[in-house]
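Colleague: Provided herewith is a single structure, encoded as structure tokens, for subsequent inquiry.
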Amino acid sequence: MSLLEVDAISYALGGRPVLDQVSLALEAGDLVGLLGPNGAGKSSLLRLMMGLARPATGHIRLHGRDLGHWSRMAMAAEVGYVPQAHVAVFPYPVVDVVAMGRSVQHGLWRSPRQTDRDAVASALEQLGIAHLARRAYTELSGGERQSVLLARAMAQGCRILLLDEPTTGLDFGQQQRLYTLLQLLSRQGYAIVASSHDPYRAREVFDQALMLRAGAVVGYGPSQDLLDDAAIRALYGLSEPLRTGPAID
435 MSLLEVDAIS YALGGRPVLD QVSLALEAGD LVGLLGPNGA GKSSLLRLMM
485 GLARPATGHI RLHGRDLGHW SRMAMAAEVG YVPQAHVAVF PYPVVDVVAM
535 GRSVQHGLWR SPRQTDRDAV ASALEQLGIA HLARRAYTEL SGGERQSVLL
585 ARAMAQGCRI LLLDEPTTGL DFGQQQRLYT LLQLLSRQGY AIVASSHDPY
635 RAREVFDQAL MLRAGAVVGY GPSQDLLDDA AIRALYGLSE PLRTGPAID
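Numbering of the sequence shown is given in this note's numbering, commencing with residue 435 and proceeding in unit increments.
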């Protein structure tokens with residue numbers, strides 16, 4: 435039984451079809467890149483997998499149970515979400531931002547317990563950002579903020595991580611560090627789905643790729659096999675041979 439299974443779902447927004455017969459099975463240790471042009475339905479699929487919307491047809495199951503049977507609090511203990519961008523308003527210390535991940539299970543007003551403090555410390559340590567614990571979140575670089583948000587999701591105690599274009603606004607070095615973290619977490623048994631606009635990096639980083647075009651799956655499988663020049667051109671509607679990025683056999 436898969437940790438998280440998307441079974442032939444379709445979805446419409448404002449009467450406009452967004453996803454059509456999309457399927458995906460997520461196992462422990464999977465690292466899946468979600469690829470496609472703008473408007474392909476990537477963010478909508480992640481929202482559905484989070485239980486923030488319901489598919490019109492098909493099913494999404496967590497540990498074999500339809501998401502409709504899970505409470506929001508129970509879902510938060512299983513599935514963590516890292517948004518595309520996060521605008522910092524208040525200069526909370528990093529340790530407090532990460533601790534907010536615990537509140538989705540226990541509520542905002544319960545005083546932190548030792549188990550909460552241990553979970554926060556463990557997440558910071560695993561991601562190599564314990565030295566940022568007392569820094570103000572507003573003072574961090576984009577890459578550091580993404581690492582903090584990832585730690586917040588991990589502090590929830592979940593083993594499934596969904597990331598919506600996590601490298602948006604990051605420079606090359608920051609992107610590489612984030613991708614290295616995702617690969618490390620995958621080897622530790624986390625199941626990860628992350629959307630991306632870079633098929634070349636996706637081929638290098640992700641074990642599997644799910645390719646969406648106009649809401650439909652046009653490719654799903656091992657990224658090394660799937661993401662060749664022809665597939666990338668078809669996915670993004672390109673007629674000319676690709677002349678940028680590393681060569682792909």
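The beta-carbon is built from N, C-alpha and C at its ideal position, and this holds for glycine as well. Predicted, not measured: the structure shown is a model, and the values here were computed from it.
Answer with buried or exposed for Leu669, where buried requires no fewer than 16 other C-beta atoms within 10 angstroms of its C-beta.
Modeller: Flag for Leu669 reads buried.
Colleague: Once the 5 residues before and after Val651 are set aside, which same chain residues still bring their CB inside 6 angstroms of it?
Modeller: Cβ within range, chain order: Val456.
Colleague: Would the beta-carbon of Asp598 fall within 7 angstroms of that of Gln548?
Modeller: Contact: no.
Colleague: On the three-state DSSP scale, how would you describe Leu447?
Modeller: Here Leu447 sits in strand by DSSP.
Colleague: Identify the continuous beta strand (DSSP E) that holds Pro656 and give its terminal residues.
Modeller: Pro656 -> beta strand (DSSP E) spans 650 to 656.
Colleague: Taking only the alpha-carbon atoms, compute the straight-line gap between Ala664 and Arg637 and give it to the nearest angstrom.
Modeller: Those two C-alpha atoms are separated by around 14 angstroms.
Colleague: Count the C-beta pairs between the stretch 607 to 616 and the stretch 568 to 585 that are closer than 8 angstroms, then say yes if the count reaches three, no if not.
Modeller: Yes, the stretch 607 to 616 is in contact with the stretch 568 to 585.
Colleague: Can you name the residues that DSSP bridges to Thr549?
Modeller: According to DSSP, Thr549 bridges with nothing at all.
Colleague: First and last residue of the alpha helix (DSSP H) that includes Val639?
Modeller: Element bounds for Val639: 633 to 639.
Colleague: Assuming His493 contacts Asp441 under a Cβ cut-off of 8 angstroms, what Cβ separation, rounded to an integer in Å, is found between them?
Modeller: Right, the Cβ-Cβ distance comes to about 5 angstroms (below 8 angstroms), so this counts as a contact.
Colleague: Consult DSSP for Met484 and reduce its assignment to one of helix, strand or coil.
Modeller: Coil.
Colleague: Using the Cα positions of Ala748 and Met507, report the straight-line distance between them to the nearest angstrom.
Modeller: A query on residue 748 cannot be resolved here, the shown segment of the chain reaching from 435 to 683 and no further.
Colleague: From this set, Gln658, Gly473, Leu479, which residue's C-alpha is nearest Ala628's C-alpha?
Modeller: Checking every option, the nearest Cα to that of Ala628 belongs to Leu479.
Colleague: From His631, Pro489, Ser436, pick the residue whose C-alpha is nearest to that of Leu453; which is it?
Modeller: For the residues His631, Pro489, Ser436, the minimum Cα distance to Leu453 belongs to Pro489.
Colleague: Beta-carbon separation of Glu461 and Cys592 under 7 angstroms?
Modeller: Taking 7 angstroms as the Cβ cut-off, Glu461 and Cys592 do not qualify as a contacting pair.
Colleague: Excluding sequence positions up to five away, which residues of its chain have a Cβ less than 6 angstroms from the Cβ of Ile688?
Modeller: With the chain covering 435 to 683 only, the question about residue 688 has no answer from this structure.
Colleague: Going by alpha carbons, who is nearest to Gly475 out of Ala648, Arg667, Ser657?
Modeller: It is Ala648 whose Cα lies nearest to the Cα of Gly475.
Colleague: According to the Cβ coordinates, are Gly470 and Leu595 closer than 7 angstroms?
Modeller: No, the Cβ-Cβ distance between Gly470 and Leu595 is not below 7 angstroms.
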